[in-house]
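In this note's numbering, the protein residues as written are 82 to 231.
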(Lines of atoms letter the chains of each structure in order from A and count residues from 1; the text may use other names and numbers.)
(Lines give C-alpha, C1' and ligand atoms only; values in the text may rest on other atoms or scores of the structure.)
Protein backbone atom coordinates (compact mmCIF):
# COMPACT_ATOMS: atom_id res chain seq x y z
CA UNK A 1 0.00 0.00 0.00
CA UNK A 2 1.35 3.40 -0.98
CA UNK A 3 2.05 5.91 1.80
CA UNK A 4 2.17 9.66 1.32
CA UNK A 5 4.50 12.35 2.57
CA UNK A 6 3.32 15.96 2.43
CA UNK A 7 5.70 18.90 2.08
CA UNK A 8 4.30 22.30 3.08
CA UNK A 9 5.67 25.77 2.40
CA UNK A 10 4.18 29.21 1.96
CA UNK A 11 3.49 29.47 -1.76
CA UNK A 12 3.83 25.85 -2.95
CA UNK A 13 6.09 27.31 -5.59
CA UNK A 14 9.73 26.71 -4.66
CA UNK A 15 10.92 24.68 -1.63
CA UNK A 16 7.98 22.30 -1.22
CA UNK A 17 7.84 21.57 -4.95
CA UNK A 18 11.58 20.84 -5.05
CA UNK A 19 11.12 18.52 -2.06
CA UNK A 20 8.21 16.75 -3.72
CA UNK A 21 10.03 16.22 -7.02
CA UNK A 22 13.30 15.01 -5.51
CA UNK A 23 11.51 12.66 -3.11
CA UNK A 24 9.29 11.20 -5.85
CA UNK A 25 12.21 10.77 -8.24
CA UNK A 26 14.33 8.93 -5.67
CA UNK A 27 11.42 6.87 -4.30
CA UNK A 28 10.48 5.73 -7.81
CA UNK A 29 14.07 4.73 -8.59
CA UNK A 30 14.17 2.61 -5.44
CA UNK A 31 10.64 1.25 -5.91
CA UNK A 32 9.60 2.49 -2.47
CA UNK A 33 5.90 2.47 -1.48
CA UNK A 34 6.04 6.19 -0.69
CA UNK A 35 4.94 9.16 -2.80
CA UNK A 36 5.19 12.84 -1.97
CA UNK A 37 2.82 15.69 -2.65
CA UNK A 38 3.10 19.34 -1.68
CA UNK A 39 0.86 22.20 -0.68
CA UNK A 40 1.08 25.86 0.31
CA UNK A 41 -0.32 27.85 3.20
CA UNK A 42 -0.59 31.15 1.30
CA UNK A 43 -0.43 30.37 -2.41
CA UNK A 44 -1.92 33.74 -3.33
CA UNK A 45 1.42 35.39 -2.49
CA UNK A 46 3.13 34.04 -5.61
CA UNK A 47 2.21 33.68 -9.25
CA UNK A 48 3.14 31.12 -11.85
CA UNK A 49 3.11 27.36 -11.69
CA UNK A 50 6.70 26.63 -10.53
CA UNK A 51 9.73 28.66 -9.46
CA UNK A 52 12.46 29.02 -12.07
CA UNK A 53 14.92 28.19 -9.26
CA UNK A 54 13.17 24.85 -8.76
CA UNK A 55 13.10 24.09 -12.49
CA UNK A 56 16.81 24.91 -12.81
CA UNK A 57 17.80 22.84 -9.76
CA UNK A 58 15.77 19.85 -10.94
CA UNK A 59 17.19 20.10 -14.46
CA UNK A 60 20.78 20.18 -13.16
CA UNK A 61 20.02 17.00 -11.20
CA UNK A 62 18.39 15.25 -14.16
CA UNK A 63 14.97 15.23 -12.49
CA UNK A 64 11.89 15.96 -14.56
CA UNK A 65 9.50 18.63 -13.26
CA UNK A 66 6.82 15.98 -13.89
CA UNK A 67 7.78 14.51 -10.51
CA UNK A 68 5.86 17.43 -8.96
CA UNK A 69 2.29 18.58 -9.57
CA UNK A 70 1.68 20.92 -12.53
CA UNK A 71 0.53 23.87 -10.41
CA UNK A 72 0.46 25.35 -6.91
CA UNK A 73 -2.19 24.00 -4.53
CA UNK A 74 -3.50 25.25 -1.20
CA UNK A 75 -3.30 23.04 1.88
CA UNK A 76 -6.54 21.44 3.10
CA UNK A 77 -7.48 19.34 6.10
CA UNK A 78 -7.96 16.38 3.74
CA UNK A 79 -4.32 16.73 2.65
CA UNK A 80 -3.16 16.56 6.26
CA UNK A 81 -5.33 13.51 6.90
CA UNK A 82 -4.10 11.77 3.73
CA UNK A 83 -0.41 12.04 4.59
CA UNK A 84 1.42 9.60 6.83
CA UNK A 85 4.19 12.15 7.31
CA UNK A 86 3.83 15.94 7.12
CA UNK A 87 6.82 18.28 6.90
CA UNK A 88 6.71 22.08 6.83
CA UNK A 89 9.87 23.58 5.38
CA UNK A 90 10.58 26.25 8.02
CA UNK A 91 9.38 26.32 11.63
CA UNK A 92 9.82 30.09 12.10
CA UNK A 93 7.77 30.77 8.99
CA UNK A 94 5.14 28.04 9.03
CA UNK A 95 4.29 27.29 12.67
CA UNK A 96 2.27 30.51 13.04
CA UNK A 97 0.48 29.90 9.74
CA UNK A 98 -0.33 26.33 10.75
CA UNK A 99 -1.54 27.50 14.16
CA UNK A 100 -3.84 30.03 12.51
CA UNK A 101 -5.18 27.83 9.70
CA UNK A 102 -4.99 24.31 11.17
CA UNK A 103 -4.57 24.72 14.94
CA UNK A 104 -5.21 21.07 15.73
CA UNK A 105 -2.38 20.05 13.38
CA UNK A 106 0.25 22.70 14.20
CA UNK A 107 2.04 20.63 16.85
CA UNK A 108 1.58 17.27 15.10
CA UNK A 109 3.82 17.83 12.11
CA UNK A 110 7.57 17.96 11.55
CA UNK A 111 9.23 21.31 10.93
CA UNK A 112 12.51 21.77 9.11
CA UNK A 113 14.50 25.01 9.10
CA UNK A 114 15.08 25.66 5.41
CA UNK A 115 15.15 29.36 4.59
CA UNK A 116 13.19 30.92 1.74
CA UNK A 117 14.74 33.29 -0.80
CA UNK A 118 14.66 36.19 1.66
CA UNK A 119 17.36 34.52 3.80
CA UNK A 120 19.14 31.97 1.57
CA UNK A 121 20.00 31.56 -2.08
CA UNK A 122 18.77 28.48 -3.95
CA UNK A 123 22.40 27.30 -4.02
CA UNK A 124 22.34 27.32 -0.20
CA UNK A 125 18.79 26.13 0.52
CA UNK A 126 18.13 23.44 -2.06
CA UNK A 127 21.15 21.24 -1.22
CA UNK A 128 20.00 21.30 2.43
CA UNK A 129 16.58 20.07 1.34
CA UNK A 130 18.20 17.45 -0.86
CA UNK A 131 20.26 16.07 2.04
CA UNK A 132 17.14 15.83 4.19
CA UNK A 133 15.33 14.04 1.36
CA UNK A 134 18.23 11.57 1.02
CA UNK A 135 17.85 10.80 4.74
CA UNK A 136 14.08 10.30 4.35
CA UNK A 137 14.67 7.96 1.41
CA UNK A 138 17.18 5.95 3.45
CA UNK A 139 14.66 5.70 6.31
CA UNK A 140 11.90 4.64 3.92
CA UNK A 141 14.14 2.01 2.32
CA UNK A 142 14.92 0.63 5.78
CA UNK A 143 11.22 0.64 6.72
CA UNK A 144 11.87 3.21 9.44
CA UNK A 145 10.18 6.33 8.07
CA UNK A 146 8.11 7.48 11.03
CA UNK A 147 4.63 8.91 10.45
CA UNK A 148 3.43 12.20 11.90
CA UNK A 149 1.23 12.09 14.97
CA UNK A 150 -2.48 12.16 14.18
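C-beta atoms are modelled at their ideal positions from N, C-alpha and C, and glycine is treated no differently. On a predicted model such as this, the values are computed, not experimentally measured, just so you know.
Simplified DSSP assignment, three categories, for residue i
i, result
"residue 145", "coil"
"residue 201", "coil"
"residue 176", "helix"
"residue 226", "coil"
"residue 215", "helix"
"residue 189", "coil"
"residue 206", "helix"
Beta-carbon proximity list for residue i, same chain, < 8 Å, skipping 5 on both sides
i, result
"residue 172", "192, 193 and 194"
"residue 182", "122 and 156"
"residue 82", "114"
Spatial distance of residue i from residue j (CA atoms)
i, j, result
"residue 164", "residue 87", "6 Å"
"residue 157", "residue 120", "8 Å"
"residue 228", "residue 221", "11 Å"
"residue 134", "residue 203", "7 Å"
"residue 108", "residue 218", "7 Å"
"residue 123", "residue 91", "5 Å"
"residue 147", "residue 102", "8 Å"
"residue 176", "residue 184", "9 Å"
Those residues which DSSP pairs with residue i across a bridge
i, result
"residue 194", "171"
"residue 155", "121"
"residue 166", "86"
Own chain residues within Cβ distance below 7 Å of residue i, not counting five before or after
i, result
"residue 196", "171 and 206"
"residue 213", "193"
Same chain, Cβ closer than 6 Å to residue i, five either side skipped, listed in chain order
i, result
"residue 132", "94 and 95"
Starting from the N-terminal side, write out each stretch of the beta strand (DSSP E) that is 3 residues or longer and does not extend beyond the region 82-132. 84-90 and 115-121
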